[in-house]
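Student: Mind having a look at this structure? Questions to follow.
Chains as they are written, first to last, in our numbering: chain A, 3 to 218; chain B, 8 to 794.
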């Protein structure tokens, strides 16, 4: 409890806690990390993220970093990108990865699912037109395979094509030969990942302990 | 593993059932005859043997006719009886599925025990002694390993690793709790509840604890047998099953510990401490031995490309050796076997041919199925045979205590575990976990191993063990299915893994790792990612042959899926229809982006060829291997023949020669009108050729020479088209023989570049698939692809 009193700006935390569902300790830990990443500035920029050493090995790091600067992830009707984010936006993005609480009603669970899937959808749909086109999906698969050592554009294309075909088959079912499937809409995306149990899979254990001193 | 046979209508079933019954009766009678005659025959055969020896020279002198038809059972007795038992087991398995409705109500394990009881009863009824079939050696060295190997090899690694903490806590802490609770309370009951003259009061604490440790271990065979049929969700299945596998280490340690102590009679603190240490040694040692043999097996499989036929043998032998080696040092053999199977699988599967993979799968399933059946039958026979000492108090108290201990253990541990889990275990889950703690033949065999001198109460123990086993298998086994229905526990999802789910699984992995890195704490995903990277960088290079070591998981998955679809398609009789779960008419052209508008002059031609091209694409895509083959990315500049297959070095040599010849030809072609320049230095030559804008390809000297496609520049060069056609011609004949691949009726010359390379890749794909000639080497297959 002593740690709580030493945190500055406590009243803001209660708003954040309510909005995002984190506990005070967790927000405190995140704040510390935020300050560490931004070198004690008020806002984070993309180059701050690029400094994180471990991210360098990640094949989809560009997309992850972009997700932090995407207004659509801050609140429901946001659009476009920003250049820098404050602590509030940082926490809001992080809150997408909170584990589901034990006592959740069915509709709360459904709401969480939609939120998390929306986050994923936004990551794929880079031009913000509401659908994931074939090109965008191809890009996703290419990025995934980009660290494998061999640049296999053709194979990536093929896999993306097959996946797209599957989505179309599941969502639309019957199409005439000259009809054209525009892209994966959010509803199709939901249907596609129906059995995926995303609310428990897309979670990070946010510890209450402050581990920022242990690792960079 | 039990599988459901398709019902061909009730009359067919009844007929089949009748035939099976006849067979069983025949066999049963032969068997009893055999057992009966084995005792009577021995003196007579010896006698007649003696007779024959003395009068081998003379024919009719002694008056005994030359034995035209003689009966000599002694020689074949042992293999004959073994075969009879296995045959009985298999016929039983067959029969159960023909009886309508029976297999829905009663789990197979119960039926098999009943059969064992019947057989034992019959044997005893004819007055013979029942053979001690559940001999511990037989059980632990012959019957148990196939089941465990099957479980370990096909262990779903992902859910297992995700729940490893939970599984370990249940296995270790749970079993310890069970053992001490049951043992301790039993001792208390024995001392307090009975008179001091009764045999029970003479059972020491250590003996009770030993008994507790034997009886408390959840049995993987029983769990597998029952859980296979109820199809509960993956999480529960892996929790109970994982627990049953991993508690072997605890059982082994406790068993040896208490056996030692009972023998010596005194316990010191030091010995207790050594016991704890020995637990870690046994568990980790077993795993280490398994991992070692697994790596050896993976490494060996790297070089088996020339002798594909014995690939499965390596897998089985190394695993069995791992088990036996662990048993030498009293380490946990089961954990060694599991570790071996789980470790070697990804690497071995990348190295072996498709046929070997199928062989391994089916052999393991077959052996484990037969083993399981035999174990249950023998359990029934041993019940009839074994020396029994029924003691009401002991037996009932044991049964009750086992149940109570299990329930308390599960509830208590779940309470602690749920603090650390993301997906909490609900009460329903806890109930199923507690109820699924079945005991089985391992407990019986361990009890059987006890020596009479140290344990005068051995019979009491055995009786109690058998009662507990019967209770759990019959009562719990039979009622778990209706209970699962009643409680509406989530069932296993039957949906196949789709490529989208695979993509998103991978995506999520990376995403979560990235978020963890941003957050700044090294969690679960971080370490998993590190392990994967280590695996990719170092381990895979050592253990996987050739180019496949660099293959990312997504592509491997995609390839597997394609193969499955292809095989499905062939089995279903072929056709243009897409073999998918959701019947739909969506095809590739529906999702291809609209092409940009072409200039008017070209419109006529692309119109036609586009349709035709789409049709061809559709045919290619729906019929078999996808157009862009996996191998393409690795073989951009290499030969058509599968470089993983035989004769790579010859091909490389030939390729070099071709290269040189072509170089000379090119020079002549390019500089035809120009007087031959003075011979350049090699570097100049190469430099000039490298900058040649034309696609660089080799004209084949003969029809069957493999081609090289080096496309440095323009995709639509005429050379590449010519190349393909000749290539296509060369392999047209081979295609027709294979039957696995369907060719489009015609291939227009204007097919776009991706279309061309389809054929090339199809060949490569085909080659890998068919590269394993099997026991009868198909000369033509190999001959066709190698010049």
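Every residue, glycine too, gets a C-beta built ideally from N, C-alpha and C.
Just checking, does the segment 180 to 190 of chain B make contact with the segment 387 to 399 of chain B on the three C-beta pairs under 8 Å criterion?
Tutor: Result no; under three Cβ-Cβ pairs closer than 8 Å.
Student: Within 8 Å of any Cβ in chain A, is that where the Cβ of residue 434/B sits?
Tutor: Judged by the 8 Å Cβ criterion, residue 434/B is not in contact with chain A.
Student: Of all the options 15/A, 99/A and 60/A, which has the alpha carbon lying nearest to the alpha carbon of residue 148/A?
Tutor: Ranking the options by Cα distance to residue 148/A, first place goes to 60/A.
Student: Measuring only between beta-carbons, confirm whether residue 170/B sits less than 8 Å from chain A.
Tutor: Not one chain A Cβ lies under 8 Å of residue 170/B.
Student: CA-CA distance, residue 572/B and residue 484/B?
Tutor: Near 37 Å, if we compare the C-alpha coordinates of residue 484/B and residue 572/B.
Student: Helix, strand or coil: which one does DSSP assign to residue 226/B?
Tutor: Correct three-state label for residue 226/B: coil.
Student: If I measure Cβ to Cβ from residue 242/B and keep anything under 8 Å in the same chain, skipping five residues before and after, which residues do I get?
Tutor: Closer than 8 Å at the Cβ level, and outside the excluded window around residue 242/B, lie 166, 170, 430 and 436.
Student: Please list, in chain order, the residues of the segment 193 to 208 of chain A that have any C-beta partner in chain B closer than 7 Å.
Tutor: Those residues of the segment 193 to 208 of chain A that come within reach of chain B (Cβ to Cβ, closer than 7 Å) are 194, 195, 197, 198, 202, 203, 204, 205, 206 and 207.
Student: What do you get for residue 536/B, buried or exposed, if any count of 16 or more other CB atoms within 10 angstroms of its CB means buried?
Tutor: Buried, because 16 or more other Cβ atoms sit within 10 Å of the Cβ of residue 536/B.
Student: Closest by CA to residue 253/B, which one among 553/B, 434/B, 280/B and 177/B?
Tutor: Considering only alpha carbons, the answer is 177/B.
Student: Do residue 101/B and residue 27/B have their beta-carbon atoms positioned less than 8 Å apart in this structure?
Tutor: Closer than 8 Å, so yes.
Student: Residue 540/B versus chain A: which residues are under 8 Å apart at the beta carbon?
Tutor: Within chain A, the residues near residue 540/B are 59.
Student: According to a CB-to-CB cut-off of less than 7 Å, which residues of the segment 109 to 129 of chain B neighbour chain A?
Tutor: Within the segment 109 to 129 of chain B, no residue has a Cβ that lies closer than 7 Å to any Cβ of chain A.
Student: In terms of alpha-carbon separation, which member of 28/A, 16/A, 143/A and 14/A lies closest to residue 528/B?
Tutor: Ranking 28/A, 16/A, 143/A and 14/A by Cα distance to residue 528/B puts 28/A first.
Student: Within the 8 Å Cβ cut-off, does residue 559/B reach chain A?
Tutor: So yes, residue 559/B belongs to the interface.
Student: At 8 Å on the CB atoms, spell out the chain B contacts of residue 99/A, in chain order.
Tutor: Those within 8 Å of residue 99/A in chain B are 519 and 522.
Student: Assuming residue 135/B and residue 91/B form a contact by the criterion Cβ under 8 Å, report the distance between their Cβ atoms to the nearest whole angstrom.
Tutor: So it is not a contact: roughly 14 Å between Cβ atoms.
Student: Considering only residues of the same chain and omitting the five flanking positions on each side of residue 383/B, which have a CB-CB separation below 7 Å?
Tutor: Hits under 7 Å: 116, 119, 120 and 123.
Student: May I ask you to report which of helix, strand or coil DSSP gives residue 86/A?
Tutor: Reduced to three states, the DSSP call for residue 86/A is strand.
Student: Would the beta-carbon of residue 201/A fall within 8 Å of that of residue 74/A?
Tutor: No, Cβ-Cβ distance for residue 201/A and residue 74/A is not below 8 Å.
Student: Hey, residue 301/B and residue 342/B are a contact pair by Cβ (cut 8 Å); roughly how many whole angstroms apart?
Tutor: Not confirmed; about 12 Å, so no contact.
Student: Report the residue ranges of all alpha helix (DSSP H) runs contained in full by the segment 259 to 318 of chain B; include only those spanning at least 4 residues, in chain order.
Tutor: You should have 276 to 308.
Student: Quick one: which residues of the segment 45 to 70 of chain A get their C-beta closer than 9 Å to a C-beta of chain B? List them in chain order.
Tutor: Listed by position along the chain: 51, 54, 55, 56, 57, 59, 60, 61, 62, 63, 65, 66, 67, 69 and 70.
Student: Can you check the segment 54 to 85 of chain A for any alpha helix (DSSP H) of at least 4 residues that lies completely inside it and give the ranges in chain order?
Tutor: Listed in chain order, the complete alpha helix (DSSP H) runs (minimum 4 residues) inside the segment 54 to 85 of chain A are 63 to 70.
Student: For residue 498/B, which three-state DSSP category applies?
Tutor: Correct three-state label for residue 498/B: strand.
Student: To the nearest angstrom, how far is the alpha carbon of residue 101/A from that of residue 478/B?
Tutor: Rounded to whole angstroms, residue 101/A to residue 478/B spans 41 Å at the Cα level.
Student: At a CB-CB cut-off below 9 Å, which residues of chain B make contact with residue 18/A?
Tutor: None at all; the shortest Cβ gap to chain B is about 16 Å.
Student: DSSP on residue 186/A, reduced to helix/strand/coil?
Tutor: The answer is strand: DSSP assigns residue 186/A an E or B state.
Student: The alpha helix (DSSP H) that contains residue 156/A, what's its start and end?
Tutor: Start and end: 155 to 173.
Student: On the CB-based measure, 16 or more other CB atoms within 10 Å of its CB, does residue 106/A come out buried or exposed?
Tutor: So residue 106/A counts as exposed.
Student: For residue 385/B, which residues of its own chain have a beta-carbon under 7 Å away from its beta-carbon, when the five flanking residues on both sides are left out?
Tutor: So the qualifying residues of the chain are 123, 140 and 141.
Student: Excluding the 5 residues flanking residue 512/B on each side, which residues of the same chain have their C-beta closer than 6 Å to its C-beta?
Tutor: Around residue 512/B: no qualifying Cβ.
Student: Using only the alpha-carbon positions, how far apart do residue 338/B and residue 344/B sit?
Tutor: Taking the straight line from one Cα to the other gives about 11 Å.
Student: What residues match up with residue 239/B in a beta bridge as DSSP calls it?
Tutor: The partner list for residue 239/B (beta bridge, DSSP) reads 498/B.
Student: Does residue 48/B come out as helix, strand or coil in the three-state DSSP assignment?
Tutor: With a pLDDT of 44 at residue 48/B, under the threshold of 50, the predicted position of this residue should be treated as unreliable, though the coordinate-derived value follows. The answer is helix: DSSP assigns residue 48/B an H, G or I state.
Student: Go through its chain and collect everything with a Cβ distance to residue 689/B's Cβ below 8 Å, but skip five positions before and after it.
Tutor: Summary for residue 689/B: the model assigns pLDDT 48, below 50, so the residue's position carries little reliability; its value from the coordinates is reported in the next sentence. So no residue of the chain qualifies.
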